[in-house]
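Visitor: Dropping a structure here in structure tokens format, bear with me for questions.
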Amino acid sequence: MFEDIPLWADVRAVVRHELEDGPGCHDYAHTQRVIRGAVLIAEKEKPADFQAVLFGALLHDIARPEELASGGTLCHAALGAGKAERILRAAGCADESFIRHVSDIVRTHRYRGGEAPATPEARIVFDADKLDSLGAFGVARAFYFAGRIGARIHNTEEAALGSESYSREDSAYREYLVKLRYLPDRMLTETGRLLARERAQFMERFFDELNREAQV
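Under the numbering used here, think of the first position of the sequence shown as 6, with each following residue one higher.
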């Protein structure tokens with residue numbers, strides 16, 4: 006896919022090498038899903054620079070390994086913006102305006118970032134990244150993360166909401182209650198909001214069923 010786009014194959018090879026062996030929540034497969042989500046949104050939103058969307062989605066998590074190695078003290082979005090610029094230049098991109106645009110997309114894609122996406126292309130990648138936290142993959146990723154930190158497989162709403170991040174009670178259900186169920190309202194494109202609502206409804210049904218079974 007997109008093999009006819011200049012630089013795509015070279016940049017993708019770098020990203021795959023950097024992320025393929027990463028943790029399941031933010032590995033190369035996640036990047037592939039974000040690209041697909043970005044394309045889905047862009048087809049409806051019609052951004053001016055579709056290639057910036059593609060490269061922004063491809064490079065959005067390029068500095069995840071550095072953030073993980075730092076124990077979270079480094080911001081992968083801020084660090085990734087500069088790293089994306091270097092990768093694009095090394096691949097032969099001479100369009101500095103395009104490089105800066107992609108860099109801005111990477112820098113502003115993070116949920117907890119301090120700078121909001123300012124362009125249609127950046128808003129599309131922001132939404133595509135958040136979509137992967139919802140729906141069936143959202144459920145899978147939430148349980149994967151909870152397992153990595155040794156959290157309970159499930160707990161009550163009271164226990165979940167009364168707990169801290171990275172604690173024994175930081176379950177997948179807690180992630181849904183404190184963050185994921187609110188994501189549809191925080192999407193920045195109309196298409197992103199519609200897709201997010203559909204996926205959030207699936208998560209609501211899933212956790213309702215989980216709670217029902219827990220009480221049997």
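Ideal Cβ positions, reconstructed from N, Cα and C, are used throughout, including at glycine.
Using a 10 Å radius around the Cβ and a threshold of 16 neighbouring Cβ atoms, would you call Gly85 buried or exposed?
Guide: Stepping through the sequence shown from its first residue, residue 85 is reached at position 80. Its Cβ being crowded by 16 or more others within 10 Å, Gly85 is buried.
Visitor: How far does the alpha helix (DSSP H) with Asp9 in it extend, from its first residue to its last?
Guide: Sequence index remark: in the sequence shown, residue 9 carries index 4 (1-based). Neither: Asp9 is in no alpha helix (DSSP H) and is coded neither H nor E.
Visitor: For the alpha helix (DSSP H) containing Leu63, list its first residue and its last residue.
Guide: As a position in the sequence shown, residue 63 is number 58, starting the count at 1. Segment Phe55 to Leu64, the alpha helix (DSSP H) holding Leu63.
Visitor: Determine the contact status of Tyr187 and Cys30, defining contact as a CB-CB distance below 8 Å.
Guide: In the sequence shown, counting from the first residue as 1, residue 187 sits at position 182. In the sequence shown, counting from the first residue as 1, residue 30 sits at position 25. Not in contact: Tyr187 and Cys30 (Cβ atoms no closer than 8 Å).
Visitor: Which stretch, first to last residue, makes up the alpha helix (DSSP H) that contains Lys88?
Guide: Residue numbering aside, residue 88 sits at position 83 when the sequence shown is read from its first letter. Start and end: His81 to Ala95.
Visitor: Looking only at its own chain, which residues have a Cβ that is under 6 Å from the Cβ of Ala147, when we skip the five neighbours before and after it?
Guide: Walking along the sequence shown from the start, residue 147 turns up at place 142. Within the same chain, Ala147 has close Cβ partners Ala177 and Glu180.
Visitor: Ignoring anything shorter than 4 residues or poking outside the stretch 105–157, list the alpha helix (DSSP H) runs there in chain order.
Guide: With a minimum length of 4 residues, the continuous alpha helix (DSSP H) runs that stay inside the stretch 105–157 are 125–136 and 140–153.
Visitor: Verify whether the separation of the beta carbon atoms of His106 and Asp54 is less than 8 Å.
Guide: Your numbering for residue 106 matches position 101 in the sequence shown. Your numbering for residue 54 matches position 49 in the sequence shown. In this structure, Asp54 lies closer than 8 Å to His106 by Cβ.
Visitor: Taking the Cβ atom as the reference point for each residue, do His40 and Leu24 lie within a distance shorter than 8 Å?
Guide: Here residue 40 is taken as the residue at index 35 of the sequence shown, counted from 1. Here residue 24 is taken as the residue at index 19 of the sequence shown, counted from 1. Going by the sequence as given, residue 40 is Ile instead of His. No, they are not a contact pair.
Visitor: Less than 7 Å between C-beta atoms, sequence neighbours within five positions excluded: which residues of the same chain meet that for Cys98?
Guide: Walking along the sequence shown from the start, residue 98 turns up at place 93. Here the set comprises Leu12 and Ile104.
Visitor: So, at 7 Å on beta carbons, what are the nonlocal neighbours of Ala62 in its own chain, with the 5 sequence-adjacent residues on each side left out?
Guide: Indexing the sequence shown from 1 puts residue 62 at position 57. Hits under 7 Å: Val39, Ile40, Ala43, Val130 and Ala133.
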